[in-house]
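Report on the following structure.
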Amino acid sequence: TPKNKKLYLATFEFISGEYEQPFRKLFYAKNEKDIEKIIQEFLIDYYGAGNTSEIDGSIYYFWHGEIAVKYCGWEEITDAKQVVDRLLCE
Numbered sequence: 093t094p095k096n097k098k099l100y101l102a103t104f105e106f107i108s109g110e111y112e113q114p115f116r117k118l119f120y121a122k123n124e125k126d127i128e129k130i131i132q133e134f135l136i137d138y139y140g141a142g143n144t145s146e147i148d149g150s151i152y153y154f155w156h157g158e159i160a161v162k163y164c165g166w167e168e169i170t171d172a173k174q175v176v177d178r179l180l181c182e
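Residue numbers for the sequence shown follow my numbering, so the first one is 93 and each next one is one higher.
Quick look at the structure:
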């Protein structure tokens, strides 16, 4: 990992109408406070700057509510096996 940073695996859910699809993304951050900020910035700009129409708790709405991304949480990753296990279990 980059100097002084930890690896985190965040879980999200893409929502469009009745369709829901979980997905995950890896992020580097110095600590828990930083990972929350990085994830929030990722979600706000998910469809490009200025396309977030509403934020309701952990759900970020885009295109006037037609599409949403729900933030489900994160976990710190300590080794490569942990990442593989998490990705293969879904």
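Beta carbons: idealized from backbone N, C-alpha and C, even for Gly.
| Item | Value |
| --- | --- |
| What does DSSP give as the partner residue(s) for S108 in the beta ladder? | Y111 and I159 |
| From this set, L101, K122, N96 and G142, which residue's C-alpha is nearest D177's C-alpha? | L101 |
| In whole angstroms, what is the alpha-carbon distance linking Y137 and Q113? | Looking at the sequence itself, residue 137 is Asp, so the reference to Tyr does not match. Their backbone Cα atoms lie some 19 Å apart in a straight line. |
| For A121, which of helix, strand or coil comes out of DSSP? | strand |
| With a threshold of 8 Å, establish whether the CB of G142 neighbours any heavy atom of the ligand SAH. | Judged by which ligands are present, the structure shown has none, so any question about the ligand SAH falls away. |
| Grouping DSSP H, G and I as helix and E and B as strand, with all else coil, what is K98? | strand |
| In the DSSP assignment, what are the bridge partners of R116? | T103 |
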